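Below: one structure, written as C-alpha coordinates.
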Amino acid sequence: MQAYIQFHLAAIQSEVLTPGTLSNQSKMPLRIAMAQKLITQEGAYIIQSVSHYLAHLKLFEAVLNADASLKYTIAEPAFLLFADLSRNSCQLCYRPAGEYELQLLVGMNQFLIASLRTDWLIYKCQHLAVLSSFTSSLERAADQPKDLPAFGMAASLFRSLKMMDNRIKDMGMDSEGYVFINECINKYYHRLIGSDTINAYYQEKGRALVAFVKENFATPLVDDMPALASRFMVSERTLARLAKLTFGIPLHEQVINTRMTFAYSQLVTTAKPIYEIAALSGYQDPHYFSKAFKKYHGISPKAVERPVKLLLAI
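The sequence shown begins at 1 in the UniProt record's numbering and counts up by one.
This is the structure we're talking about:
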(Lines of atoms letter the chains of each structure in order from A and count residues from 1; the text may use other names and numbers.)
(Lines give C-alpha, C1' and ligand atoms only; values in the text may rest on other atoms or scores of the structure.)
Protein backbone atom coordinates (compact mmCIF):
# COMPACT_ATOMS: atom_id res chain seq x y z
CA MET A 1 0.00 0.00 0.00
CA GLN A 2 1.01 3.65 -0.38
CA ALA A 3 2.81 5.24 2.54
CA TYR A 4 0.74 7.84 4.42
CA ILE A 5 3.76 9.37 6.14
CA GLN A 6 6.56 11.53 4.77
CA PHE A 7 9.52 12.18 7.04
CA HIS A 8 11.56 15.37 6.87
CA LEU A 9 15.26 14.99 7.63
CA ALA A 10 17.85 17.63 6.78
CA ALA A 11 20.46 15.22 5.45
CA ILE A 12 24.05 16.32 4.99
CA GLN A 13 24.78 13.04 3.23
CA SER A 14 22.62 10.16 2.00
CA GLU A 15 23.09 6.80 0.32
CA VAL A 16 21.03 3.84 -0.77
CA LEU A 17 22.11 0.70 1.06
CA THR A 18 22.48 -2.59 -0.77
CA PRO A 19 21.61 -5.80 1.13
CA GLY A 20 25.31 -6.48 1.68
CA THR A 21 26.03 -2.99 2.98
CA LEU A 22 22.88 -3.00 5.11
CA SER A 23 23.83 -6.23 6.86
CA ASN A 24 27.12 -4.64 7.95
CA GLN A 25 25.57 -1.42 9.27
CA SER A 26 22.16 -2.35 10.67
CA LYS A 27 21.39 -4.18 13.90
CA MET A 28 18.30 -5.60 12.20
CA PRO A 29 18.78 -5.84 8.42
CA LEU A 30 15.68 -6.93 6.50
CA ARG A 31 16.16 -8.73 3.19
CA ILE A 32 12.76 -7.54 1.94
CA ALA A 33 13.31 -3.84 2.67
CA MET A 34 14.44 -0.86 0.65
CA ALA A 35 17.07 0.84 2.78
CA GLN A 36 18.84 4.17 2.95
CA LYS A 37 21.28 5.88 5.28
CA LEU A 38 21.06 9.58 6.11
CA ILE A 39 23.63 11.67 7.96
CA THR A 40 22.34 14.76 9.78
CA GLN A 41 23.89 17.19 12.22
CA GLU A 42 22.46 15.14 15.12
CA GLY A 43 23.69 11.75 13.92
CA ALA A 44 23.01 8.89 11.51
CA TYR A 45 19.72 7.28 10.45
CA ILE A 46 19.18 3.96 8.74
CA ILE A 47 15.63 3.74 7.39
CA GLN A 48 14.19 0.50 6.00
CA SER A 49 10.85 0.51 4.16
CA VAL A 50 8.58 -2.47 3.49
CA SER A 51 5.32 -2.16 1.56
CA HIS A 52 2.47 -4.67 1.92
CA TYR A 53 -1.14 -4.42 0.83
CA LEU A 54 -2.24 -4.16 4.50
CA ALA A 55 0.43 -1.81 5.81
CA HIS A 56 3.49 0.25 5.02
CA LEU A 57 6.34 -0.38 7.47
CA LYS A 58 9.24 1.91 8.27
CA LEU A 59 12.01 0.65 10.52
CA PHE A 60 14.28 3.34 11.95
CA GLU A 61 17.70 3.02 13.53
CA ALA A 62 19.04 6.37 14.68
CA VAL A 63 22.36 6.80 16.47
CA LEU A 64 22.37 10.38 17.74
CA ASN A 65 24.98 12.55 19.41
CA ALA A 66 22.27 14.99 20.56
CA ASP A 67 18.52 14.97 21.16
CA ALA A 68 16.62 15.46 17.91
CA SER A 69 13.14 16.21 16.62
CA LEU A 70 11.95 14.01 13.74
CA LYS A 71 9.30 15.95 11.81
CA TYR A 72 6.83 14.20 9.54
CA THR A 73 3.69 14.85 7.50
CA ILE A 74 0.64 12.59 7.37
CA ALA A 75 -1.05 13.03 4.00
CA GLU A 76 -4.42 11.55 4.96
CA PRO A 77 -6.02 10.22 8.17
CA ALA A 78 -4.15 7.13 9.31
CA PHE A 79 -4.11 4.43 11.96
CA LEU A 80 -0.54 3.84 13.10
CA LEU A 81 1.12 1.13 15.15
CA PHE A 82 4.23 2.58 16.79
CA ALA A 83 6.73 0.20 18.38
CA ASP A 84 9.75 1.72 20.15
CA LEU A 85 12.37 -0.93 20.92
CA SER A 86 14.46 1.53 22.95
CA ARG A 87 11.61 1.82 25.46
CA ASN A 88 10.04 -1.56 24.62
CA SER A 89 6.69 0.19 24.14
CA CYS A 90 4.02 -0.39 21.52
CA GLN A 91 1.01 1.83 20.92
CA LEU A 92 -1.89 1.98 18.47
CA CYS A 93 -2.98 5.49 17.53
CA TYR A 94 -5.06 7.50 15.08
CA ARG A 95 -3.74 10.65 13.43
CA PRO A 96 -5.62 13.06 11.14
CA ALA A 97 -3.75 14.61 8.23
CA GLY A 98 -1.25 17.21 9.39
CA GLU A 99 2.25 18.04 10.58
CA TYR A 100 3.78 16.12 13.51
CA GLU A 101 7.09 15.55 15.22
CA LEU A 102 8.70 12.81 17.24
CA GLN A 103 11.25 13.51 19.96
CA LEU A 104 14.34 11.30 19.84
CA LEU A 105 16.93 11.02 22.59
CA VAL A 106 20.69 10.98 22.35
CA GLY A 107 22.09 7.49 21.79
CA MET A 108 20.48 4.55 20.01
CA ASN A 109 16.85 4.84 18.89
CA GLN A 110 15.21 1.87 17.21
CA PHE A 111 11.53 1.99 16.31
CA LEU A 112 8.96 0.71 13.84
CA ILE A 113 6.04 2.71 12.43
CA ALA A 114 3.34 0.75 10.61
CA SER A 115 0.76 2.73 8.61
CA LEU A 116 -2.23 0.40 8.59
CA ARG A 117 -4.74 0.10 5.77
CA THR A 118 -7.81 1.88 7.13
CA ASP A 119 -10.63 -0.17 5.60
CA TRP A 120 -8.98 -3.45 6.61
CA LEU A 121 -8.37 -2.34 10.21
CA ILE A 122 -11.95 -1.09 10.61
CA TYR A 123 -13.27 -4.40 9.26
CA LYS A 124 -10.97 -6.45 11.52
CA CYS A 125 -11.86 -4.42 14.60
CA GLN A 126 -15.56 -5.07 14.12
CA HIS A 127 -14.78 -8.46 15.65
CA LEU A 128 -12.60 -6.99 18.44
CA ALA A 129 -15.00 -5.23 20.76
CA VAL A 130 -12.55 -3.01 22.62
CA LEU A 131 -11.00 -1.73 19.38
CA SER A 132 -14.24 -1.09 17.50
CA SER A 133 -14.92 2.16 19.36
CA PHE A 134 -11.36 3.25 18.64
CA THR A 135 -11.59 2.76 14.88
CA SER A 136 -14.97 4.51 14.80
CA SER A 137 -13.13 7.70 15.79
CA LEU A 138 -12.50 8.14 12.08
CA GLU A 139 -16.23 8.78 11.64
CA ARG A 140 -17.04 10.59 14.91
CA ALA A 141 -14.01 12.86 15.31
CA ALA A 142 -11.84 12.57 12.23
CA ASP A 143 -9.95 15.76 13.07
CA GLN A 144 -8.86 14.64 16.57
CA PRO A 145 -5.75 12.54 17.31
CA LYS A 146 -6.39 9.56 19.55
CA ASP A 147 -4.01 7.26 21.44
CA LEU A 148 -4.56 3.88 23.03
CA PRO A 149 -2.33 2.76 25.94
CA ALA A 150 1.27 1.74 25.33
CA PHE A 151 2.35 -1.77 26.32
CA GLY A 152 5.75 -3.41 26.78
CA MET A 153 5.67 -5.59 23.68
CA ALA A 154 7.97 -3.92 21.13
CA ALA A 155 10.68 -6.55 21.61
CA SER A 156 8.17 -9.28 20.79
CA LEU A 157 7.03 -7.51 17.61
CA PHE A 158 10.61 -6.94 16.47
CA ARG A 159 11.32 -10.65 16.88
CA SER A 160 8.20 -11.46 14.83
CA LEU A 161 9.30 -9.03 12.11
CA LYS A 162 12.71 -10.67 11.88
CA MET A 163 11.11 -14.12 11.77
CA MET A 164 8.83 -12.95 8.95
CA ASP A 165 11.82 -11.65 7.00
CA ASN A 166 13.65 -14.96 7.45
CA ARG A 167 10.63 -16.99 6.28
CA ILE A 168 9.78 -15.00 3.18
CA LYS A 169 10.71 -16.58 -0.13
CA ASP A 170 10.57 -14.88 -3.50
CA MET A 171 6.77 -15.18 -3.76
CA GLY A 172 5.82 -15.28 -0.08
CA MET A 173 5.56 -11.62 0.90
CA ASP A 174 1.76 -11.40 0.74
CA SER A 175 1.03 -14.36 3.00
CA GLU A 176 3.87 -13.84 5.49
CA GLY A 177 3.18 -10.11 5.67
CA TYR A 178 -0.49 -10.82 6.34
CA VAL A 179 0.42 -13.15 9.19
CA PHE A 180 2.81 -10.62 10.73
CA ILE A 181 0.44 -7.63 10.56
CA ASN A 182 -2.45 -9.67 11.97
CA GLU A 183 -0.18 -10.94 14.73
CA CYS A 184 0.75 -7.35 15.64
CA ILE A 185 -2.89 -6.31 16.02
CA ASN A 186 -3.88 -9.50 17.84
CA LYS A 187 -1.01 -9.24 20.33
CA TYR A 188 -1.82 -5.61 21.01
CA TYR A 189 -5.52 -6.42 21.43
CA HIS A 190 -4.83 -9.15 23.97
CA ARG A 191 -2.59 -6.82 25.96
CA LEU A 192 -5.31 -4.17 25.79
CA ILE A 193 -8.10 -6.36 27.11
CA GLY A 194 -5.74 -7.88 29.66
CA SER A 195 -4.97 -4.43 31.03
CA ASP A 196 -8.61 -4.08 32.06
CA THR A 197 -8.56 -7.24 34.15
CA ILE A 198 -5.13 -7.13 35.79
CA ASN A 199 -5.52 -6.61 39.48
CA ALA A 200 -4.75 -3.01 40.48
CA TYR A 201 -2.44 -4.38 43.14
CA TYR A 202 -0.12 -5.87 40.53
CA GLN A 203 -0.34 -2.76 38.37
CA GLU A 204 1.00 -0.80 41.32
CA LYS A 205 3.70 -3.44 41.82
CA GLY A 206 4.65 -3.02 38.18
CA ARG A 207 4.99 0.74 38.51
CA ALA A 208 7.11 0.26 41.62
CA LEU A 209 9.32 -2.22 39.75
CA VAL A 210 9.85 0.25 36.89
CA ALA A 211 10.89 2.95 39.37
CA PHE A 212 13.17 0.55 41.24
CA VAL A 213 15.00 -0.56 38.10
CA LYS A 214 15.37 3.03 36.93
CA GLU A 215 16.92 4.07 40.25
CA ASN A 216 19.02 0.95 40.93
CA PHE A 217 20.01 -0.48 37.52
CA ALA A 218 23.70 0.12 38.26
CA THR A 219 23.64 -1.70 41.62
CA PRO A 220 23.76 -5.42 42.50
CA LEU A 221 20.22 -5.08 43.91
CA VAL A 222 18.63 -5.64 40.49
CA ASP A 223 20.53 -8.92 40.01
CA ASP A 224 19.37 -10.55 43.25
CA MET A 225 16.02 -12.18 42.42
CA PRO A 226 15.38 -13.67 45.90
CA ALA A 227 16.00 -10.29 47.56
CA LEU A 228 13.88 -8.50 44.96
CA ALA A 229 11.01 -10.93 45.45
CA SER A 230 11.22 -10.35 49.18
CA ARG A 231 11.31 -6.58 48.70
CA PHE A 232 8.15 -6.66 46.56
CA MET A 233 6.55 -9.30 48.79
CA VAL A 234 5.94 -11.79 45.99
CA SER A 235 7.41 -15.15 45.00
CA GLU A 236 10.31 -15.29 42.55
CA ARG A 237 8.00 -16.85 39.97
CA THR A 238 5.46 -14.04 40.40
CA LEU A 239 8.23 -11.45 40.20
CA ALA A 240 9.42 -12.94 36.90
CA ARG A 241 5.87 -12.84 35.54
CA LEU A 242 5.36 -9.30 36.84
CA ALA A 243 8.55 -8.16 35.10
CA LYS A 244 7.49 -9.79 31.82
CA LEU A 245 4.06 -8.15 32.01
CA THR A 246 5.57 -4.77 32.87
CA PHE A 247 8.50 -4.64 30.47
CA GLY A 248 7.52 -7.20 27.85
CA ILE A 249 10.88 -8.92 28.35
CA PRO A 250 12.58 -10.72 31.28
CA LEU A 251 13.88 -8.52 34.09
CA HIS A 252 17.57 -9.20 33.36
CA GLU A 253 17.07 -8.09 29.73
CA GLN A 254 15.43 -4.86 30.89
CA VAL A 255 18.35 -4.22 33.24
CA ILE A 256 20.81 -4.76 30.37
CA ASN A 257 18.79 -2.44 28.10
CA THR A 258 18.80 0.26 30.77
CA ARG A 259 22.50 -0.11 31.49
CA MET A 260 23.52 -0.06 27.84
CA THR A 261 21.32 2.92 26.98
CA PHE A 262 22.81 4.83 29.92
CA ALA A 263 26.37 3.84 28.98
CA TYR A 264 25.97 4.96 25.37
CA SER A 265 24.52 8.28 26.49
CA GLN A 266 27.47 8.81 28.85
CA LEU A 267 29.95 8.07 26.07
CA VAL A 268 28.52 10.62 23.63
CA THR A 269 27.63 13.35 26.14
CA THR A 270 30.56 13.29 28.59
CA ALA A 271 34.34 13.03 28.60
CA LYS A 272 34.40 10.47 31.42
CA PRO A 273 36.87 7.59 31.01
CA ILE A 274 35.43 4.26 29.96
CA TYR A 275 36.25 2.54 33.26
CA GLU A 276 34.23 5.19 35.12
CA ILE A 277 31.28 4.86 32.73
CA ALA A 278 31.46 1.08 33.20
CA ALA A 279 31.17 1.47 36.98
CA LEU A 280 28.35 4.00 36.68
CA SER A 281 26.51 1.54 34.41
CA GLY A 282 26.80 -1.32 36.89
CA TYR A 283 29.95 -3.07 35.63
CA GLN A 284 32.93 -3.23 37.99
CA ASP A 285 35.13 -4.94 35.38
CA PRO A 286 35.81 -2.56 32.45
CA HIS A 287 36.85 -5.45 30.18
CA TYR A 288 33.59 -7.30 30.80
CA PHE A 289 31.73 -4.04 30.22
CA SER A 290 33.46 -3.56 26.86
CA LYS A 291 32.51 -7.07 25.75
CA ALA A 292 28.90 -6.61 26.88
CA PHE A 293 28.71 -3.19 25.21
CA LYS A 294 30.01 -4.53 21.89
CA LYS A 295 27.60 -7.46 22.01
CA TYR A 296 24.67 -5.09 22.60
CA HIS A 297 25.56 -2.13 20.35
CA GLY A 298 27.73 -3.87 17.76
CA ILE A 299 30.73 -1.61 18.41
CA SER A 300 33.21 -1.30 21.26
CA PRO A 301 33.07 1.68 23.65
CA LYS A 302 36.40 2.90 22.23
CA ALA A 303 34.86 3.03 18.73
CA VAL A 304 32.00 5.33 19.76
CA GLU A 305 32.47 8.91 18.58
CA ARG A 306 32.82 11.18 21.62
CA PRO A 307 32.23 14.80 20.57
CA VAL A 308 32.50 16.19 24.11
CA LYS A 309 35.84 14.49 24.73
CA LEU A 310 37.17 15.67 21.37
CA LEU A 311 36.04 19.22 22.09
CA LEU A 312 37.82 19.27 25.44
CA ALA A 313 40.98 17.95 23.82
CA ILE A 314 41.18 20.88 21.42
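Built from N, CA and C at the ideal position, the CB exists for glycine as well.
Please read these numbers as outputs of a predicted model, since none were measured by experiment.
In this structure, how does DSSP classify residue i when only helix, strand and coil are distinguished?
| i | result |
| --- | --- |
| G152 | coil |
| S300 | coil |
| V308 | helix |
| D67 | coil |
| E183 | helix |
| Q235 | Looking at the sequence provided, one finds Ser at residue 235 rather than Gln. If DSSP states are grouped into helix, strand and coil, S235 belongs with coil. |
| A292 | helix |
| R95 | strand |
| E101 | strand |
| M108 | strand |
| L9 | coil |
| K272 | coil |
| T261 | helix |
| A75 | coil |
| M164 | helix |
| E253 | helix |
| H190 | helix |
| H287 | helix |
| Q36 | strand |
| G43 | strand |
Given residue i, which residues of its chain have a CB within under 7 Å of its CB, disregarding the five upstream and five downstream residues?
| i | result |
| --- | --- |
| S150 | The residue asked about is misnamed: residue 150 is Ala in this sequence, not Ser. Same-chain partners within the cutoff: S89, C90 and Q91. |
| G98 | I74 |
| L22 | P29 and A35 |
| T216 | The question names Thr, but residue 216 is Asn in the sequence shown. V222, listed in sequence order. |
| S300 | S290, F293 and K294 |
| S156 | K187 and G248 |
| Q126 | S132 |
Return yes when the Cβ of residue j is within less than 7 Å of the Cβ of residue i, no when it is not.
| i | j | result |
| --- | --- | --- |
| L228 | L242 | no |
| L64 | K37 | no |
| V106 | V268 | yes |
| residue 340 | G152 | The chain is shown only over 1 to 314; residue 340 falls outside these bounds and no answer can be derived. |
| Y178 | A78 | no |
| A33 | Q48 | yes |
| R259 | D165 | no |
| I277 | Q284 | no |
| T40 | A10 | yes |
| I168 | E176 | yes |
| A154 | L85 | yes |
| K187 | I113 | no |
| A62 | L104 | yes |
In angstroms with no decimal places, state the Cα-to-Cα distance between residue i and residue j.
| i | j | result |
| --- | --- | --- |
| K71 | F7 | 6 Å |
| L128 | A263 | 42 Å |
| R95 | L80 | 8 Å |
| F60 | I46 | 6 Å |
| P307 | M108 | 16 Å |
| V50 | K291 | 33 Å |
| E76 | R159 | 30 Å |
| H297 | P250 | 19 Å |
| L280 | V255 | 13 Å |
| A83 | L148 | 13 Å |
| G206 | L102 | 27 Å |
| A208 | R237 | 17 Å |
| V210 | Q203 | 11 Å |
| K146 | G194 | 20 Å |
| M225 | L245 | 16 Å |
| Q144 | K124 | 22 Å |
| S230 | H252 | 17 Å |
| R191 | L131 | 12 Å |
| F180 | Y288 | 37 Å |
| Y189 | K302 | 43 Å |
| Q110 | F232 | 31 Å |
| T212 | E15 | First, the residue type needs correcting, since residue 212 is Phe and not Thr in the sequence shown. Answer to the nearest angstrom: the Cα atoms are 43 Å apart. |
| E183 | L161 | 10 Å |
| A271 | T261 | 17 Å |
Leaving aside the five residues before and after residue i along the sequence, list all residues of the same chain whose C-beta is less than 6 Å from its C-beta, in chain order.
| i | result |
| --- | --- |
| T122 | Inspection of the sequence shows that residue 122 is occupied by Ile rather than by Thr. For I122, where only same-chain residues beyond five positions count, the Cβ hits under 6 Å are T135. |
| Y100 | Y72 |
| E42 | L64, A66 and A68 |
| Y275 | P286 |
| C93 | L80 and D147 |
Please list, in chain order, all residues of the same chain as residue i whose beta carbon is under 8 Å from its beta carbon, the five residues on each side excluded.
| i | result |
| --- | --- |
| K214 | T258 |
| S235 | A229 |
| D170 | Bear in mind that a pLDDT of 48 at D170, under 50, signals an unreliable position, so the model cannot answer this. |
| Q25 | L17, K37 and I46 |
What do you reckon, is the C-beta of residue i under 6 Å from a heavy atom of the ligand ZN?
| i | result |
| --- | --- |
| L81 | This structure lacks the ligand ZN, and indeed carries no ligand of any kind. |
Using 8 Å as the cut-off, can you tell me whether the segment 46-61 makes contact with the segment 117-135, which would need three or more C-beta pairs spanning the two stretches below that distance? yes
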